[in-house]
Amino acid sequence: MSVRRIDLLVAGGGPAGLVTALHAARAGLDVEVWEPRPGAVDKACGEGLMPGALAGLLELGVDPSGHDFRGIRYVSGPRAASADFRHGSGRGIRRTVLHDALTRAVLAAGARVEQRTVGAVRQDDEEVRTDHVRARYLIAADGLHSPVRRALGLDRPTTRHPRFGLRQHFAVAPWSPYVEVHWAPAVEAYVTPVAPDLVGVAVLSSAKASYDARLDALPGLRDRLGCAEPASVVRGAGPLRQEASRRVAGRVLLVGDAGGYVDALTGEGLALAFAQARAAVGALVVDDPERYERDWVRLTRRYRWLTGALLTGTRSRAARRAIVPAARVLPWVFDGAVNSLARPVGH
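So, in structure tokens, the structure goes:
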């Protein structure tokens, strides 16, 4: 088989990889995306795009259908606290719908998407080699448990307080114009409206309990769902916290969850992935991959500090019980935190 030479190979065809390919193709690079899974790639996630993430998507000309929401509501038993976004709405978008919209945009931009797995990676000062492809650069956007990150020896062990997520959809009309976060002593659930007749419910916990067992810890949410029929299979992810020693190894760059992830607590995953994709392609266009390492630190600083602090602060049951009462007593603090997270990454 003859050797093919391209500018950029992207490992992973989820949102991070597709947005990377879209930026690269529009910058004039010859780019391919390799994704081993067929069809629209689904995963366990909250599916809510904060206003900053949605704005970034719309700037790319990608406007997937979904269900808009106006803010975040914390719920604990009969008590609740809400904060509205000050600058635009967020949008709940099924991951498969987002994948299809991004794939169409990537193909229209001239990039290629293939159902293939990136195998052994070798590189020198000029190119990255895998199978019969020679690429000037490789961007790994292959998820939390990135095979490329592991193969390059960039994994950093993380055994402290592992957290796991499970998600399922229910055929019921959204009852709230907010993404609701339901708190219990050992679990929280994120309820995201994704269509006029559909909500997604993602539950996070440090315990490896079943999805139903986690929902049972939130009787108020159980009652709200009532007899609604499940509209998807349960999908899981975790441990959520992943760390990499670096995001750049020669001509290989890590984007999205592959580059490190703290937790879904603040809902910034897609916004971070989109900002990293833009920064990574910008660094490659000027042949300065190390610039991306510096940009990654800057872009993720707020997320890493805030999410780490919230995880530490909500680890005890007493602290978790105090979250909603504190948000009610200090609404300006809650509002400020929500709108800080809602703005575009890097601003």
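Take the position in the sequence shown, starting the count at 1, then add 626; the result is the number in the numbering used here.
Think of the CB as a built atom: it goes at the ideal place given N, C-alpha and C, for glycine as much as any other residue.
When the five nearest sequence neighbours on each side are left out, the beta carbons in the same chain lying within less than 6 Å of the beta carbon of Ala953 are those of Tyr700, Ala707, Phe960, in order along the chain. Judged by DSSP in its simplified three-state form, Gly692 adopts coil rather than helix or strand. For Asp710, the enclosing beta strand (DSSP E) begins and ends at 705-710.
Rounded to whole angstroms, the gap between the alpha carbons of Val817 and Glu869 is 27 Å.
Here Trp660 carries a strand assignment [DSSP, helix/strand/coil]. Residue state for Glu740 is assigned as strand, using DSSP reduced to three classes. Sequence-distant partners of Ile949 (beyond 5 residues in either direction) whose C-beta falls short of 8 Å from its own C-beta, in its chain, are Tyr700, Ser702, Trp809, Thr940. Note that the C-beta distance between Ser832 and His787 is below 8 Å. Of the other Cβ atoms in all chains shown, 16 or more fall within 10 Å of the Cβ of Gln794; this residue is therefore buried. In the structure shown, Trp922 falls within a helical segment according to DSSP collapsed to helix, strand and coil. Secondary structure remark: continuous alpha helix (DSSP H) runs of at least 4 residues inside the segment 713-776, in chain order: 721-734. The segment 897-905 and the segment 632-645 touch, with no fewer than 3 CB-CB distances between them shorter than 8 Å.
Burial check for Trp660: the Cβ neighbour count within 10 Å reaches 16 or more, so the residue is buried. Residue pairing of Pro856 in beta bridges, as defined by DSSP: Phe796. Partner residues in a beta bridge of Gln902, as assigned by DSSP, do not exist. A distance below 8 Å between beta-carbons, with the five flanking residues on each side excluded, links Leu925 to the following residues of its chain, in chain order: Leu898, Ala901, Gln902, Ala905, Val971, Gly972. Sixteen is the threshold: when 16 or more other Cβ atoms of the shown chains lie within 10 Å of the Cβ of Cys671, as they do, the residue is buried. Leu675 carries a strand assignment under DSSP once its states are collapsed to helix, strand and coil.
A distance below 7 Å between beta-carbons, with the five flanking residues on each side excluded, links Leu891 to the following residues of its chain, in chain order: Thr933, Leu936, Leu937.
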